[in-house]
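With my numbering as the guide, the letters of the sequence shown map in order to residues 810 to 1107.
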Amino acid sequence: MLDVRRLRLLRDLARLGTIAAVAQAHSYSPSAVSQQLATLQREAGVPLLERTGRGVTLTPAGTALVRHAETVLAALEAATATLAAARSGLQGTVRIGAFPTAVRTLLPAALVALGREHPALDLMVTELDPVHMPDALRERRLDVALLHDYDLAPVTPDPTVESEPLLDETVFLALPAEHPAGDDPVGAVEHSAWIVGTPGTLCHTVALRTCQAAGYQPRVRHHADDFTAVLALVAAGQGVALVPQLGAVQAPPGVRLVPLPSRRRTRLAYRRGSGGHPAVSACIAAVRTATAAYLAPA
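Take a look at the structure:
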């Protein structure tokens, strides 16, 4: 019988590429990971790994086993969800990950509702950039995540994560109020300074791709990830920026918001197989209700 914990290590090796990265993800030593994978290979009875220089790669049998491991791990999540549904009342810890604008706008009402309806749940929120959330779900640091991508910066679906749509937002070009926009607002700011997200974030990527689609590289002056700070810099005449709908709800005086064709798409995500867990389902329902209420006309 193959050991599930060792299957998870093999799966993560396929994803992360090195023994050292797997060890870091699991807080093991590299030698401990190597020993566990060697044991798994003996259990399998066929070579799963082969040396390539100073590292290792998966053999065809190892790659095939990883695909089965994904199915096994998802089935275990589903089994856990079934057992949780058989218990009376919801209890335990639910770890929720969200990007900053969602933490500020959508989660507070959802947390209040969950606390009122399920007081035995221990709710924990972590603010993360969406690029880090699949790893956090896979490593069980999160149970539910609000993640997003942009039509100009789509994210490849992760086979270990299931998700469902939550909302689509308009993306605005934020300008100093006196700045002209015209029929091509992004082209009109080619020579302006830009305020963009930290390199490596989706917001940074989409700003660069938006400008590249208009035929130029942006002249970046400031990096900021909080849209309140971004809008304050725009109002101070420090540059222009892209701001999604949730980040633009309280634009300060002196800022002009020009809607663009680009969209930001937010999804609710969870580990594959865990969608039927009652705590996950309750969390998703509360976030959906809070989102509908937040976006409802005043």
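Quick reminder that beta carbons are idealized off the backbone N, C-alpha and C, glycines included. As the structure is a prediction and not an experimental result, all values here were calculated from the model.
Span of the alpha helix (DSSP H) around residue i
i: Ala1101; result: 1087-1104
i: Val998; result: Note, Val998: premise wrong, no alpha helix (DSSP H); not H, not E.
i: Phe908; result: No alpha helix (DSSP H) contains Phe908, which DSSP labels as neither H nor E.
i: Ile987; result: Note that residue 987 is Glu in the sequence shown here, rather than Ile. No alpha helix (DSSP H) holds Glu987; DSSP gives it neither H nor E.
i: His927; result: Neither: His927 is in no alpha helix (DSSP H) and is coded neither H nor E.
i: Val1043; result: 1036-1044
CB-CB length for residue i against residue j, believed under 8 Å
i: Ala970; j: Leu946; result: Reading off the sequence shown, one finds Val at residue 970, where the question assumed Ala. Indeed they touch by this definition, with Cβ atoms about 6 Å apart.
i: Gly898; j: Ala929; result: 6 Å
i: Leu1011; j: Arg1076; result: Their Cβ separation, rounded to whole angstroms, is 13 Å, which puts Leu1011 and Arg1076 out of contact at 8 Å.
i: Tyr1079; j: Val1089; result: 5 Å
i: Val903; j: Val953; result: 7 Å
Environment of residue i [buried if 16+ CB atoms lie within 10 Å]
i: Ala1060; result: buried
i: Leu808; result: A query on residue 808 cannot be resolved here, the shown segment of the chain reaching from 810 to 1107 and no further.
i: Gln845; result: buried
i: Val813; result: exposed
i: Asp992; result: exposed
i: Val855; result: exposed
i: Thr1098; result: exposed
i: Glu859; result: exposed
i: Pro1106; result: exposed
Alpha-carbon to alpha-carbon, residue j and residue i
i: Ser1001; j: Ser972; result: 38 Å
i: Gly798; j: Tyr1103; result: No statement about residue 798 is possible, as the shown extent of the chain runs from 810 to 1107 and does not include it.
i: Pro1062; j: Gly996; result: 24 Å
i: Glu886; j: Val934; result: 21 Å
i: Leu920; j: Asp938; result: 20 Å
i: Asp944; j: Pro1027; result: 30 Å
i: Arg1072; j: Arg1081; result: 26 Å
i: Leu1042; j: Leu874; result: 51 Å
i: Leu1066; j: Val1096; result: 27 Å
i: Thr1019; j: Ala1091; result: 37 Å
i: Thr1037; j: Thr872; result: 45 Å
i: Phe981; j: Arg925; result: 36 Å
Three-state secondary structure assigned by DSSP to residue i
i: Ser1071; result: strand
i: Pro966; result: coil
i: Asp812; result: coil
i: Ser972; result: strand
i: Ala1078; result: strand
i: Val779; result: With the chain running from 810 to 1107 in the structure shown, residue 779 is simply not present.
Element boundaries [beta strand (DSSP E), containing residue i]
i: Asp958; result: 953-959
i: Val865; result: 864-867
i: Ala1050; result: 1050-1053
i: Glu859; result: 858-861
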